[in-house]
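Notes follow the structure.
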Amino acid sequence: MSFKRPTLGVITNFQHGVFQRAVIDGIRQIADLHSFDVLVDSIAEDGAPTRPVSLDIMALGGLAVISNAIPDDQIRGYQASGVPLALISHQIPGTTIPAVVTDNGQGMARLMRHLVGECGRRRIVFIRGLADQTDAHEREVGFQREIMRYMLDLPPEFMIDGDFSPETAAQSMRALLNQRQDFDAVLAADYLMGIAALDVLTQAGVNVPGAVCVAGYGDGSESESRGLTTVAADVIEQGRRGARQLMGQMRGLTMRGVTVLSTHLIPRQTTVAQ
Amino acid sequence: MEVRKATRQDLKRHNRLSLLRAVYYGLADNRAALAVATGLTKPTVSELAAELIAEGFLVEGGIGGSTEMGGKPPRLLNFVSDARQVIGVSVDGLEVRAILVNLKGQSVAEHTAPLDGKTGAEAVTILIETINGLVAQLDAPLLAVSVGVPGVVDSEAGIVKRSPLLAWYDLALADTLFAQYDCPAYIANNTELAALGQVARGNADTREDHNRVTLLINGTVEVGVTVQGAVYHRGGDIGAMRYLPHGRTDAIPLADVLGWRAVEYRAQELRRDYPNTRLPATGLTYLHIRHAAGLKDPAAELLLDELAAVLSIAVVWSIALLRPHTIVLAGQVADLGDLLIARLRYHAAERLSIDDIAAVHFTLASGLNLSARGAVVMAVHNELEIL
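So the protein lines, in turn, are chains H and L. Counting from 1 along the first sequence, just add 194 to a position and that's the residue number in our numbering. Counting from 1 along the second sequence, just add 2 to a position and that's the residue number in our numbering.
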């Protein structure tokens, strides 16, 4: 198959997700500037089982893969075929494939500085993301680093599962509330899980932020409307940076490593009393 | 020393930069004021301003107030921060960190790549492929590339004289970068640049505070010195300096104790001696050491004390020779925090008087991009005499 115009491919696991949509928007912006088309292959739409990639990889000018959407070995195979690649929000250790990631460690440090330094919280519950996702892993490691930096106590039951699913996060939050209530903050690996925790706490009559502060990683319209404190990087920019990596490779630049985007704190009512 | 006569080009460059500096620092915002601020004639100012506008460094925007004589209000000139971009890089023994900034030093993007133990020509390739990661992100013409490396560097000649960590010897790195990117390329010692970056950032409160020694501990140990705000250009890698540990008969290099790989190795040894230690078997960081030491973990306390004892050798010599007001501990080692400073003071006091130690202010600079930022400052200052 060949395309009428040069084309960038995007492989994602859910093109309508808030994050994925913003990344794809960013890729399209740069593609438009260079008169490229963008073809999106969403291989596991809305919870459906993952299906094989349908893009004709060799006909593409370049390919962006979002958040571990396909196995690393498959991506290594694409690299061997010579197609320019960019990874968004994940990396493959031991390869030279360039990637664009947000600085999860810096983001967690910023959130913890806010919770500990500015809000005076010391007993913080963490809601994990999906164990096999790079972002989830880095945010958890970042959280634990900050726990050490501030010399805080972290009982094992304060690390609860969320799997990047608001339902799972709510369930874990309820279970923890039934077990113990001696925490003074909840930090979620993404903002949708943070909102789910906020709902559970509010329904249980817990004073937020008086008794418990709540914050989450990433930002969207939902966190703004619910007053959830977050840290966020510009996700559209993440897409733009990835597309630029592809354009650079297409004009002959050999590159390796990761482009890292910083995050900024967005303090709202769930940590700052109005 | 031979003194070269200034040429017409030199004079023009000087005048252009005077003009640009005056606008950048807010000394003047229109052609008439620029003539007063720079001492140049009005026709010269107009000609140079037109050039700088054409090249994108200045832009006309808005109208100023009328003069006291009721003359025509002047057109205002503004500095364009995004007219050019600069890539600043720091290479240590572990990775390449590169930043892309505009002419006000504001970060546009960061790009990093691990060295994975590579040295020599392979490390040069990784350096270039990392810089390429930011070349792909350029929004404006590239003003310069500037690189900090560990070791002894001849900045004027653009040659890495000796960098054992990277196995770079007499490497004409600036020429390689110039050939690659067709723009001015600068190189300097990492710690010198870290010191420069701190001075330029205005971290110092007083002139006296500008007398500082920066000890950068990454893959090796490097020293940078600023005296009265100016960078002393003979700093460098002291990781190869040997010392005789207590109870041993053979001297070992400082880097063999303070370099990160040595710290990991020593932690492994201590885990065998202290099986219940909180030091993790994998993924060890300085924060783990600090946290465990803070909880009175004997292995972590011992490790931290050993690091402080060896680092105190460099600290003591710095104090004895230079009497700095401030000693900055830079790099990831800063994560050891106040515990490290307390142990350093203790060990330094074994060799110098307590008064000498007390007179020195110790600070921590954990910013990973300190040297890369210094590299940017050097390049922008050399090219445009600003920042």
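We treat Cβ as the ideally placed atom computed from N, Cα and C, and that holds for glycine.
Judged by DSSP secondary structure, residue 443 (chain H) falls within the alpha helix (DSSP H) whose first and last residues are 429-444. For the region 110-129 of chain L, the beta-carbon criterion of a distance under 9 angstroms to any beta-carbon of chain H is satisfied by 111, 112, 113, 114, 115, 116, 118, 127, 128.
At a cut-off of 8 angstroms between beta-carbon atoms, residue 451 (chain H) makes contact with chain L. Look at the region 290-345 of chain L and you find these whole runs of beta strand (DSSP E), each 3 residues long or longer: 328-332. For the region 326-366 of chain H, the continuous alpha helix (DSSP H) assignments of 4+ residues that do not extend past its boundaries occur at 328-343, in sequence order.
Membership of residue 177 (chain L) in any beta strand (DSSP E) is not indicated; the residue belongs instead to the alpha helix (DSSP H) covering 175-183.
Look at residue 131 (chain L): its C-beta is under 8 angstroms from a C-beta on chain H. Under the Cβ distance rule, residue 142 (chain L) does not count among the residues neighbouring chain H, no pair being separated by less than 8 angstroms. For residue 439 (chain H), the closest Cβ of chain L is nearer than 8 angstroms. At a cut-off of 8 angstroms, the C-beta of residue 277 (chain H) has no neighbouring C-beta in chain L. Judged by DSSP in its simplified three-state form, residue 87 (chain L) adopts strand.
Taking C-beta atoms as the reference points, residue 54 (chain L) and residue 18 (chain L) count as a pair closer than 8 angstroms. CA-to-CA, the gap between residue 286 (chain H) and residue 454 (chain H) works out to about 15 angstroms.
Across the structure, residue 360 (chain L) and residue 223 (chain L) are spaced so that their CA atoms are roughly 23 angstroms apart.
Within chain H, the residues placing a beta-carbon under 7 angstroms from that of residue 139 (chain L) are 435, 438, 453, ordered along the chain. Inside the region 225-255 of chain H, DSSP marks whole beta strand (DSSP E) runs of 3 or more residues at positions 231-236, from first to last along the chain. Look at the region 332-346 of chain H: the residues with a C-beta under 7 angstroms from a C-beta of chain L are 339, 342, 343, 345. For residue 426 (chain H), the uninterrupted beta strand (DSSP E) segment begins and ends at 423-426. Taking 8 angstroms as the cut-off, the beta carbon of residue 309 (chain H) is found no closer than this to the beta carbon of residue 370 (chain H). Against chain L, the beta carbon of residue 447 (chain H) has neighbours under 8 angstroms at 134, 137, 138, listed in chain order. A distance below 8 angstroms separates the beta carbons of residue 225 (chain L) and residue 217 (chain L). At least 8 angstroms separates the CB of residue 95 (chain L) from every CB of chain H. Distance from the CA atom of residue 292 (chain H) to the CA atom of residue 135 (chain L), rounded to whole angstroms, is 8 angstroms.
Taking a Cβ-Cβ cut-off of 8 angstroms, the neighbours of residue 296 (chain L) in chain H comprise 345, given in sequence order.
In this structure, residue 302 (chain L) places its C-beta atom within 8 angstroms of the C-beta atom of residue 281 (chain L). In the DSSP assignment, residue 191 (chain L) is bridged to L:151. Unbroken alpha helix (DSSP H) runs of no fewer than 4 residues, entirely contained in the region 88-161 of chain L, are found at 122-137, following chain order. Partner residues in the beta bridge of residue 80 (chain L), as assigned by DSSP, are L:61. By the Cβ neighbour-count rule, residue 345 (chain H) is exposed, with fewer than 16 other Cβ atoms within 10 Å of its own. Restricting attention to L:190, L:291, L:275, the CA atom closest to the CA of residue 266 (chain L) is found in L:291. The three-state reading of DSSP puts residue 234 (chain L) in strand, counting E and B together.
Annotated three-state conformation of residue 409 (chain H) is strand, per DSSP.
Against residue 287 (chain L), the close residues of chain H are 339, 342, in the order they occur along the chain (beta-carbon pairs closer than 9 angstroms).
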